[in-house]
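Scroll down for the structure; my scribbles are underneath it.
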Amino acid sequence: MLNSGHPGFYHAPVTKVIIVSVVLCTVFGSIMGSQPHMTLQMNDVVEHLHLWRLLTHNFVFTTPGELLFGMVLMYYFRQFERQLGSSRFASFAIITAIIYTTILASLQVLLPSISPASGPYSLVFASLVFFFFETPKLYRFEILGAVEFSDKAFVYLMAMQLMISSPLRSLVSFSAALFSGIVYRIPLIRENADLPDFIVSFCSRYVLPLLGTDRLLTPRGRSRRSDDHASAHHRRLGAAAVPPRQTTTPQSETNLDVIVSMGFSEQQAAMALERTHNDLQRATELLLSEAG
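Given below as structure tokens:
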């Protein structure tokens, strides 16, 4: 029901770093009793120069329920990193976090009694905006023969659970995060939101190899290796030449990942790309028309 393509963090290193950081900060803060010093409190930021709060409040959930639902949603939304690319997704996460923090800080200055929920709400609910506009409905179903839902309802239900986890506090954070996601969709921001080349180059060269997010072992991959081994074995035995396979248009791994991340099976994605000569848009339209 919450299918988002290949399991694990394949081609999603930014999501992996964020999730691991949130878990470590939340667990560490809970064990050490330092969570109150990591949340956003503008009085402490201004009067005592606790500037780290402007950053750490994005990485610390304060309750187990928030951590659970937040992790599930961030893991599901890793599909958007695969679609946008890690560089563009990282800039998306940074920009929405800056907008989100600016909104919350301004609210606290104007209304000191407001205490927003802590955690990566900006990434979760800004991604929910992306999910609302960019992810198609694959199927519909009815409950009790009266109320109709789509497959996207399960994601909205998880988001609602996070939104009401700390009634007033989480609602404030939800509203600010949703607004940051809407602001990011402004073309002027979205189309020019790129990380500097030197940062991308440094991360590609030194950080990505440590994360191990570019390796994937799939049945398809194992089958290829099995075919290779079998062919080599036949050659060693001097077997007759195997008739060549029918030539087809090569399938782009990126296009395949994008379609799989939309909820279709790998077999459906491969067949659609083959039928449309590796045209991502036509393949997606074909699958959606068949699903409808």
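Residue numbers for the sequence shown follow this note's numbering, beginning at 4 and rising by one.
Where is the CB? At the ideal position from N, CA and C, for every residue including glycine.
Under three-state DSSP, which class holds residue i?
i	result
F64	coil
F267	coil
S168	coil
S207	helix
F80	coil
S3	With the chain covering only 4 through 295, there is no way to say anything about residue 3.
I102	helix
F12	coil
S153	strand
R188	coil
E194	coil
With distances taken between CB atoms, is the gap from residue i to residue j smaller than 8 Å?
i	j	result
R172	A120	yes
V127	L71	no
L165	G32	no
T104	L57	yes
F83	F133	yes
A129	S183	yes
I98	A196	yes
I102	Q111	no
Going by other Cβ atoms of all chains shown within 10 Å of its Cβ, with 16 needed for buried, is residue i buried or exposed?
i	result
P123	buried
H51	exposed
Q44	buried
I22	buried
E194	exposed
I34	exposed
A149	exposed
I'd like the list of long-range same chain contacts for residue i, defined as Cβ closer than 8 Å, with 5 residues on each side in sequence excluded.
i	result
F152	R143, F144, E145 and I146
I262	Q271, A272, A275, L276, L283, A286, T287 and L290
For the candidate residues the options, whose alpha-carbon lies nearest to that of residue i?
i	options	result
P16	L107, V263 and F92	F92
P67	W55, R81, Q38 and S90	Q38
E256	L289, D217 and H60	D217
S168	A196, L141, V150 and F64	F64
Please go through the same chain and pick out, in chain order, the residues whose beta-carbon is closer than 7 Å to the beta-carbon of residue i, but skip the five residues on each side of it.
i	result
S24	F62
K155	T138 and K140
Might you give, ordered along the chain, the residues of its own chain that have their beta carbon closer than 6 Å to the beta carbon of residue i, omitting 5 neighbours on each side?
i	result
H53	D47
M41	G32, T59 and V63
S207	none
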